[in-house]
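So the structure is just underneath, and the comments pick up after that.
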Amino acid sequence: MPELPEVEIVKQSLEKNILSKRIKKIIVNNRNLRFKIPTNFEERLENKVIVKVSRFSKYIIFELSNQIYLLMHLGMTGTVHLIKKNKIKINTNVSFYSSPNLPKKHNHVEIFFLSSKIIYNDPRRFGFFRIIENKDELFLFLNKLGPEPFDKSFNLKYLHEYFRDKTKNIKNFLLDQKLVSGIGNIYASEILHYSGIKPQKKGGNLKKKELIKVIFFAKKVLKKSIKSGGSSIKDFKNISGKKGFFQNEFKVYGRENLKCYKKSCTGIIQKKFISNRSTFFCNKCQK
DNA sequence: AAGAGGCCCTGATAGC
DNA sequence: TGCTATCAGGGCCTCT
Numbered sequence: 004m005p006e007l008p009e010v011e012i013v014k015q016s017l018e019k020n021i022l023s024k025r026i027k028k029i030i031v032n033n034r035n036l037r038f039k040i041p042t043n044f045e046e047r048l049e050n051k052v053i054v055k056v057s058r059f060s061k062y063i064i065f066e067l068s069n070q071i072y073l074l075m076h077l078g079m080t081g082t083v084h085l086i087k088k089n090k091i092k093i094n095t096n097v098s099f100y101s102s103p104n105l106p107k108k109h110n111h112v113e114i115f116f117l118s119s120k121i122i123y124n125d126p127r128r129f130g131f132f133r134i135i136e137n138k139d140e141l142f143l144f145l146n147k148l149g150p151e152p153f154d155k156s157f158n159l160k161y162l163h164e165y166f167r168d169k170t171k172n173i174k175n176f177l178l179d180q181k182l183v184s185g186i187g188n189i190y191a192s193e194i195l196h197y198s199g200i201k202p203q204k205k206g207g208n209l210k211k212k213e214l215i216k217v218i219f220f221a222k223k224v225l226k227k228s229i230k231s232g233g234s235s236i237k238d239f240k241n242i243s244g245k246k247g248f249f250q251n252e253f254k255v256y257g258r259e260n261l262k263c264y265k266k267s268c269t270g271i272i273q274k275k276f277i278s279n280r281s282t283f284f285c286n287k288c289q290k
C-alpha cells in the first residue's frame with residue numbers, strides 16, 4: 004500500500020486522533036512482523052503519553068513521554084484503524100469498541116487509549132515496529148535514508164554526483180531509499196512519465212535537463228497525491244476508513260495497453276518488469 | 001562496490 | 001468446485 008503520500012495521510016489522521024493521549028494498554032496478537040516485536044515492547048510503551056507524531060519517508064514516528072521513539076513502517080499491506088469506544092447500554096453497563104470496518108484477520112497490534120484504540124493490521128507482515136532509544140539514535144537511523152524529494156538537498160548537484168559513473172537505471176534509482184526516500188513502485192512510474200524519461204535509462208546517462216525534471220516532478224506528484232488523500236488501490240484508507248483519490252490521476256500505473264494521456268502523444272502504455280517490479284511507461288513520449 | 005535477484009508472507013484473481 | 005500459478009504499494013540480505 005503505502006508510499007510517502009499514503010504514510011503522510013495515516014500520520015495526519017493519527018496526529019489528529021491520538022496526539023497527547025496516554026497509552027493505557029498494548030496487546031500484541033502476533034509478534035512475527037518483518038522484525039520480531041520484542042517481549043518488552045508493551046512495558047516500554049504502556050503508560051506513556053504520545054508527545055509528537057511525525058513522519059520521515061515511509062516511517063511514522065511517535066515520540067513518547069519517556070523520550071523514546073516508536074517507529075512504524077507499514078510494509079506492503081499495513082493499515083492502521085482507529086476505533087472509538089462507544090458506551091452503549093445493553094441491559095448492563097457494558098462498554099465496547101465499535102468496529103464496523105475492522106478486518107477480521109491479521110490485527111496484530113492493538114494500542115489502547117482512554118476512549119479509543121488503534122489497531123495495526125497487516126496480512127503479509129512486511130511491516131514492522133521499532134523502538135528507538137533516544138534522539139541521537141533516531142538521527143542515526145533516519146540518516147541512513149536519503150533525503151525526501153521535498154528536501155533542499157535533493158537537487159541537481161546531488162543527483163548529478165550520485166549518478167556519476169553509475170549504470171543502474173533511473174527507475175531503480177528512484178526506488179533506492181538511500182538516494183531519495185519515500186518514493187515507491189507506483190510513484191516511480193508516474194514521476195518518470197511526467198518527466199518524459201524511459202524507466203530503463205541509465206541514471207548516469209541523464210542530461211541536466213532531465214535531472215531537473217525528475218526533481219521537479221518527484222515533488223509535484225507526491226504533493227498532489229497527498230492533497231488527494233493518497234492512492235487507494237486495493238484497500239488503502241486513512242485510519243478512519245476514508246479512501247484517497249489519487250489512483251484516479253494515475254497516468255501510467257495500471258494502464259497497460261491504454262492510450263497515453265499526454266496531449267498530442269499517440270503512444271500506448273507498456274508494462275515491463277524491471278528488477279522484478281512492474282513498471283509502466285509510454286512507448287512514445289518517454290525517451 | 002555496485003547492482004541484480006531472492007526472499008520474507010497472505011490474499012485476490014486468472015486459468016485450467 | 002477446486003486445484004495451481006501469478007502478482008501485489010517494501011526492504012533486507014546474499015551473491016557475483
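Count along the first sequence from 1, add 3, and you get the number used in this note's numbering.
No residue lacks a Cβ here, since even glycine has one placed at the ideal position from N, Cα and C.
### Query
Applying the criterion that 16 or more other CB atoms from any shown protein chain within 10 Å of the CB defines a buried residue, is Asn89 buried or exposed?
exposed
Report task. Tell me whether Gln250 sits in a helix, a strand or coil according to DSSP, three-state version. Result -> helix
Through-space distance from Lys290 to Lys205, alpha-carbon basis: In this structure, the straight-line span from the alpha carbon of Lys205 to that of Lys290 is close to 11 Å.
**Request:** Specify the secondary structure class of Phe116 as computed by DSSP and reduced to three states.
**Result:** coil
* Asked: Are Leu85 and Ile121 close, meaning C-beta to C-beta below 8 Å?
  -> Yes, these two residues count as a Cβ contact at 8 Å.
Of the residues Gly149, Ser198, Asp154, the one placed nearest Ile173, counting alpha carbons only: Ser198
Q.
Quick check on the DSSP output: the beta strand (DSSP E) that includes His76 runs from which residue to which?
A. According to the DSSP assignment, His76 belongs to the beta strand (DSSP E) that extends over 72-76.
Considering only residues of the same chain and omitting the five flanking positions on each side of His196, which have a CB-CB separation below 7 Å?
Lys254, Val255, Phe284, Cys285, Gln289
Are the beta-carbon atoms belonging to Arg47 and Ile134 less than 8 Å from one another? yes
Nearest to Gly187 by CA position, among Asn33, Met79, Ser118, Gly244, is which residue?
Met79
task: Count the other C-beta atoms from every protein chain shown that fall within 10 angstroms of the C-beta of Asp125, then say buried if there are 16 or more, exposed otherwise.
output: buried
- Query: Exposed or buried, Asn158, counting other C-beta atoms within 10 Å across all chains shown (16 or more means buried)?
  - Reply: Exposed: under 16 other Cβ atoms inside 10 Å.
Residues of its chain near Lys28, where Cβ-Cβ distance is below 7 Å and the 5 sequence neighbours each way are ignored: The residues are Glu49, Phe115.
N- and C-terminal bounds of the beta strand (DSSP E) containing Ser281:
280-285 is the span of the beta strand (DSSP E), which, as asked, contains Ser281.
### Residue from Asn279, Ser60, Lys287 with nearest C-alpha to Ser267
Lys287
task = Taking 8 Å as the cut-off, decide whether the C-beta atoms of Phe65 and Val52 are in contact.
result = Not a contact, by the Cβ cut-off of 8 Å.
C-alpha distance - Ser60 paired with Leu141, whole-angstrom precision:
The straight-line gap from Cα to Cα measures roughly 13 Å.
Subject >> Under the three-state DSSP convention, the category Gln273 falls into >> reply: strand
message: Distance check for Lys230 and Lys181, CA to CA, integer angstroms please.
response: Roughly 26 Å separates the two Cα atoms.
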